[in-house]
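K.L.:
Structure provided below as structure tokens; questions to follow.
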Amino acid sequence: MMASTTSATAAAAFGAAAAAKPRGSAAAALCPRVAAGGRQRPGVVRCDAGVKAQAQAQAVAKAASIAALEQFKISADRYMKERSSIAVIGLSVHTAPVEMREKIAVAEELWPRAISELTSLNHIEEAAVLSTCNRMEIYMVALSWNRGIREVVDWMSKKSGIPASELREHLFMLRDSDATRHLFEVSAGLDSLVLGEGQILAQVKQVVRSGQNSGGLGKNIDRMFKDAITAGKRVRCETNISSGAVSVSSAAVELALMKLPKSEGLSARMLLIGAGKMGKLVIKHLIAKGCKKVVVVNRSVERVDAIREEMNDIEIVYRPLSEMYEAAAEADVVFTSTASETPLFTKEHAETLPRISDAMGGVRLFVDISVPRNVSACVSEVDQARVYNVDDLKEVVEANKEDRLRKAMEAQTIITQELKRFEAWRDSLETVPTIKKLRSYADRIRASELEKCLQKIGEDALTKKMRRSIEELSTGIVNKLLHGPLQHLRCDGSDSRTLDETLENMHALNRMFSLDTEKAIIEQKIKAKVEKTQN
Numbered sequence: 000m001m002a003s004t005t006s007a008t009a010a011a012a013f014g015a016a017a018a019a020k021p022r023g024s025a026a027a028a029l030c031p032r033v034a035a036g037g038r039q040r041p042g043v044v045r046c047d048a049g050v051k052a053q054a055q056a057q058a059v060a061k062a063a064s065i066a067a068l069e070q071f072k073i074s075a076d077r078y079m080k081e082r083s084s085i086a087v088i089g090l091s092v093h094t095a096p097v098e099m100r101e102k103i104a105v106a107e108e109l110w111p112r113a114i115s116e117l118t119s120l121n122h123i124e125e126a127a128v129l130s131t132c133n134r135m136e137i138y139m140v141a142l143s144w145n146r147g148i149r150e151v152v153d154w155m156s157k158k159s160g161i162p163a164s165e166l167r168e169h170l171f172m173l174r175d176s177d178a179t180r181h182l183f184e185v186s187a188g189l190d191s192l193v194l195g196e197g198q199i200l201a202q203v204k205q206v207v208r209s210g211q212n213s214g215g216l217g218k219n220i221d222r223m224f225k226d227a228i229t230a231g232k233r234v235r236c237e238t239n240i241s242s243g244a245v246s247v248s249s250a251a252v253e254l255a256l257m258k259l260p261k262s263e264g265l266s267a268r269m270l271l272i273g274a275g276k277m278g279k280l281v282i283k284h285l286i287a288k289g290c291k292k293v294v295v296v297n298r299s300v301e302r303v304d305a306i307r308e309e310m311n312d313i314e315i316v317y318r319p320l321s322e323m324y325e326a327a328a329e330a331d332v333v334f335t336s337t338a339s340e341t342p343l344f345t346k347e348h349a350e351t352l353p354r355i356s357d358a359m360g361g362v363r364l365f366v367d368i369s370v371p372r373n374v375s376a377c378v379s380e381v382d383q384a385r386v387y388n389v390d391d392l393k394e395v396v397e398a399n400k401e402d403r404l405r406k407a408m409e410a411q412t413i414i415t416q417e418l419k420r421f422e423a424w425r426d427s428l429e430t431v432p433t434i435k436k437l438r439s440y441a442d443r444i445r446a447s448e449l450e451k452c453l454q455k456i457g458e459d460a461l462t463k464k465m466r467r468s469i470e471e472l473s474t475g476i477v478n479k480l481l482h483g484p485l486q487h488l489r490c491d492g493s494d495s496r497t498l499d500e501t502l503e504n505m506h507a508l509n510r511m512f513s514l515d516t517e518k519a520i521i522e523q524k525i526k527a528k529v530e531k532t533q534n
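Its first residue numbered 0, the sequence shown is counted upward by one per residue in numbering that gives the first Met the number 0.
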């Protein structure tokens with residue numbers, strides 16, 4: 000814990016700097032309309048009072064920013080006790096019901112915006128968002144573990160509208176090697192509802208692509224996700240954990256067939272709403288089960304046509320989104336897989352649908368694999384309807400779990416190898432600031448002594464060639480003296496013995512030359528955060 004009066008004061012000052020930043024709406028409110036009888040050009044509003052108020056607000060913000068920076072510098076030694084932590088906080092199918100996950104889910108196109116908001120928090124340096132139908136996880140590098148987690152929980156609470164106290168009952172939090180191991184296991188499919196499923200690896204890759212396009216991922220998070228992808232690929236190639244594994248989509252198909260009368264399963268009228276990645280996989284698994292026809296409702300026909308060209312073993316009938324309820328009226332089973340933020344089917348919609356035949360059990364099945372849900376839970380209150388969501392797939396998953404659990408034990412060996420590789424890389428980064436600061440320290444001494452020497456000799460006594468030779472001599476001496484120490488500060492992180500020695504050398508040089516590198520790094524990070532908040 001880093002709780003202290005100084006740190007608390009610094010955090011408060013930092014909050015004041017952020018709060019003092021003038022907002023557009025506030026500035027607009029300060030701008031009075033032209034007094035009665037005044038003249039002005041059409042379309043032009045005099046805003047002298049607003050400009051003055053804005054200038055005052057900027058002055059206050061600047062003062063608060065300087066105060067926050069000074070307070071943080073004072074407490075920098077306290078932050079030095081906490082190395083910048085990699086952490087993950089989130090909830091998943093294992094810890095929270097779908098009713099909560101759907102409220103906190105972040106659509107893929109909004110990941111960059113979420114990263115921007117998270118990294119603007121006082122103690123968050125880097126961030127990434129992994130939001131799927133089964134999980135919502137935020138990975139971050141935090142200046143302070145405790146404060147960073149608190150800020151992210153508050154952000155999640157504001158975004159979802161769920162009280163922080165209620166969120167905490169379902170959240171999990173992991174730090175450093177535990178956080179990294181968790182991501183590697185997620186990428187390998189070891190933490191999935193369907194053990195070994197492959198879609199999560201593609202979703203982890205998308206986090207990296209999204210971050211590269213937006214420039215949102217920092218150095219540590221970017222490397223961690225890329226190493227997680229490597230771990231996920233290795234696990235699937237070297238353990239065959241995904242062989243025979245079911246996905247969310249295939250489990251949905253399996254569940255639907257389990258709930259239908261056995262003799263009528265393949266003759267049931269199937270409707271799919273949404274032709275995205277998950278929807279496409281539903282069609283693929285319907286084919287595998289022997290289904291010959293499926294009706295697909297989608298916003299555009301192009302994506303359905305592409306699926307039809309790829310899958311020739313099933314009749315695919317396209318219906319536009321405007322005919323969704325008519326198509327549902329003619330279906331025995333309705334699969335939903337869209338990115339809609341609001342339910343497509345409510346109790347009122349279900350009540351208007353005609354009853355299906357007794358041969359099919361007299362009950363229409365809604366299998367909803369979307370998060371947020373496409374089918375409202377209250378649809379189950381209708382006598383002739385049954386609703387199943389992603390949390391109901393566990394019944395199917397348990398059947399094939401034992402064999403994959405054995406393979407998961409093999410996968411842990413690979414996870415551990417990749418984890419060591421990542422941590423060695425991260426440890427090796429610690430020496431870089433010391434190398435830079437030692438070089439800078441030596442160059443300052445060289446420049447100072449060189450200037451004294453040149454003054455003693457006198458400008459008139461030196462030709463340009465002689466001056467250049469003296470400068471090269473001083474540079475050469477410094478380079479040769481630094482060569483040994485700098486060599487002992489460099490390593491690739493692949494050899495733990497060499498890495499341990501390198502870190503010992505780094506601490507020794509810091510002590511010998513009073514480089515105070517760690518404090519300088521913290522101050523630099525704090526200054527960057529304050530400036531970012533101010534801008």
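Here a beta-carbon is modelled for each residue, glycine too, at the ideal position from N, C-alpha and C. All of these numbers come straight from a predicted model, not from anything done at the bench.
Would you call the region 211-223 and the region 251-258 in contact, with 3 or more CB pairs under 8 angstroms?
P.N.:
Verdict: no, contact absent.
K.L.:
Which of the three DSSP states, helix, strand or coil, is assigned to R298?
P.N.:
Here R298 sits in coil by DSSP.
K.L.:
Going by the beta-carbon positions, is the gap between I476 and C452 smaller than 8 angstroms?
P.N.:
Their beta carbons are not under 8 angstroms apart, which means I476 does not touch C452 by this criterion.
K.L.:
Using only the alpha-carbon positions, how far apart do S186 and E196 sit?
P.N.:
Going by the C-alpha atoms only, they are around 10 angstroms apart.
K.L.:
With respect to the alpha helix (DSSP H) encompassing I272, which residues constitute its N-terminal and C-terminal limits?
P.N.:
Careful: I272 lies outside any alpha helix (DSSP H), inside the beta strand (DSSP E) at M269 to I272.
K.L.:
Could you give the DSSP three-state label for T131: helix, strand or coil?
P.N.:
Coil.
K.L.:
Leaving out the 5 sequence neighbours to the left and right, which residues in its chain are closer than 7 angstroms to A27 when beta-carbon positions are compared?
P.N.:
Bear in mind that the predicted position of A27 carries a pLDDT of just 37, short of 50, making it unreliable; the figure below should be weighed with that in mind. Nothing meets the Cβ criterion.
K.L.:
For M172, write down the residues that DSSP places opposite it in a beta bridge.
P.N.:
Bridge partners of M172: I88.
K.L.:
Tell me, to the nearest whole angstrom, how far the beta carbon of N297 is from that of V303; I am working on the premise that it is less than 8 angstroms.
P.N.:
Indeed they touch by this definition, with Cβ atoms about 5 angstroms apart.
K.L.:
If contacts are defined as beta-carbon pairs under 8 angstroms, then A328 and L352 qualify, I think. What distance do you get, rounded to the angstrom?
P.N.:
At roughly 5 angstroms, the Cβ-Cβ gap stays under 8 angstroms, so A328 and L352 are in contact.
K.L.:
Could you pull the start and end residues of the alpha helix (DSSP H) that P484 belongs to?
P.N.:
P484 -> alpha helix (DSSP H) spans K463 to Q486.
K.L.:
Are there 16 or more other CB atoms within 10 angstroms of the CB of R235, so buried, or fewer, so exposed?
P.N.:
With 16 or more Cβ atoms within 10 Å of its Cβ, R235 is classed as buried.
K.L.:
Across the region 288-295 and the region 428-437, are there enough close Cβ pairs to call them in contact, namely three or more that are closer than 8 angstroms?
P.N.:
These segments do not touch.
K.L.:
Pull up the distance between the alpha-carbon of W110 and that of L117, whole angstroms please.
P.N.:
Near 10 angstroms, if we compare the C-alpha coordinates of L117 and W110.
K.L.:
Out of A376, S299, K479 and Q211, state which residue places its alpha-carbon closest to the alpha-carbon of M604.
P.N.:
As displayed, the chain neither begins before 0 nor continues past 534, which places residue 604 out of reach and without an answer.
K.L.:
Hey, T94 and F183: beta-carbon distance below 8 angstroms or not?
P.N.:
Not a contact, by the Cβ cut-off of 8 angstroms.
K.L.:
Sorted by chain position, which residues of the same chain lie with C-beta nearer than 8 angstroms to E422's C-beta, five sequence neighbours on each side aside?
P.N.:
Cβ neighbours of E422 beyond the five flanking positions: S176 and T179.
K.L.:
With DSSP collapsed to three states, give me the class of D367.
P.N.:
The answer is strand: DSSP assigns D367 an E or B state.
K.L.:
In terms of DSSP beta bridges, what is A287 paired with?
P.N.:
Looking at the DSSP assignment, A287 forms no beta bridge with any residue, so it has no partner.
K.L.:
Alpha helix (DSSP H) containing V252: first to last residue?
P.N.:
That run of the alpha helix (DSSP H) goes V247 to K258.
K.L.:
Answer yes or no: the CB of Q198 versus the heavy atoms of the ligand GDP, is any distance below 7 angstroms?
P.N.:
For the ligand GDP, the structure offers nothing, since it holds no ligand at all.
K.L.:
Tell me whether the beta-carbon of V386 lies closer than 8 angstroms to the beta-carbon of V97.
P.N.:
No; because the gap between Cβ atoms is not below 8 angstroms, this pair is not in contact.
K.L.:
Which term fits R425, buried or exposed, when burial requires 16 or more other beta carbons within 10 angstroms of its beta carbon?
P.N.:
Buried.
K.L.:
What's the call for I444, buried or exposed, on a 16-neighbour Cβ count within 10 Å?
P.N.:
Answer is exposed; the Cβ neighbour count stays below 16.
K.L.:
Using the DSSP secondary-structure output, state which residues sit across from A141 in a beta bridge.
P.N.:
Answer by DSSP bridge pairing, in chain order: S84 and I123.
K.L.:
Let me know the secondary structure DSSP gives V206 once reduced to three states.
P.N.:
Helix at V206.
K.L.:
Per DSSP, what are the beta-bridge partners of K451 in this structure?
P.N.:
Beta-bridge pairing links K451 to no other residue.
K.L.:
Going by C-alpha distance, which of P484, I414, T345 and R420 is nearest K436?
P.N.:
If we check each option's Cα against that of K436, P484 comes out closest.
K.L.:
Roughly how many angstroms lie between the CA atoms of R307 and M269, to the nearest whole one?
P.N.:
Whole-angstrom Cα-Cα distance: 16 angstroms.
K.L.:
Going by DSSP, what residue range makes up the beta strand (DSSP E) through F344?
P.N.:
Careful: F344 lies outside any beta strand (DSSP E) and carries neither H nor E.
K.L.:
CB I88 to CB I137, shorter than 8 angstroms?
P.N.:
Taking 8 angstroms as the Cβ cut-off, I88 and I137 qualify as a contacting pair.
K.L.:
Among residues of its own chain, excluding the 5 on either side of A441, which ones have a beta-carbon nearer than 7 angstroms to its beta-carbon?
P.N.:
Contacts found: V477 and L481.
K.L.:
Using a Cβ-Cβ cutoff of less than 7 angstroms, which residues in the same chain neighbour V281 once the five nearest sequence positions on both sides are dropped?
P.N.:
Correct list, in chain order: S248, A251, V252, L271, F334 and S336.
K.L.:
Measuring only the C-alpha atoms, how far is E380 from S164?
P.N.:
Each residue's Cα considered, the two are about 30 angstroms apart.
K.L.:
Tell me, please, whether the CB atom of A250 is closer than 8 angstroms to any CB atom in chain B?
P.N.:
Note that chain B does not occur in the displayed structure, where there is just one protein chain.
K.L.:
Would you kindly work out how many angstroms separate the C-alpha atoms of S24 and S119, rounded to a whole number?
P.N.:
Confidence at S24 is low in this model, with a pLDDT of 37, below 50, so its placement is unreliable and the value that follows should be read with caution. For S24 and S119, the distance between alpha carbons rounds to 20 angstroms.
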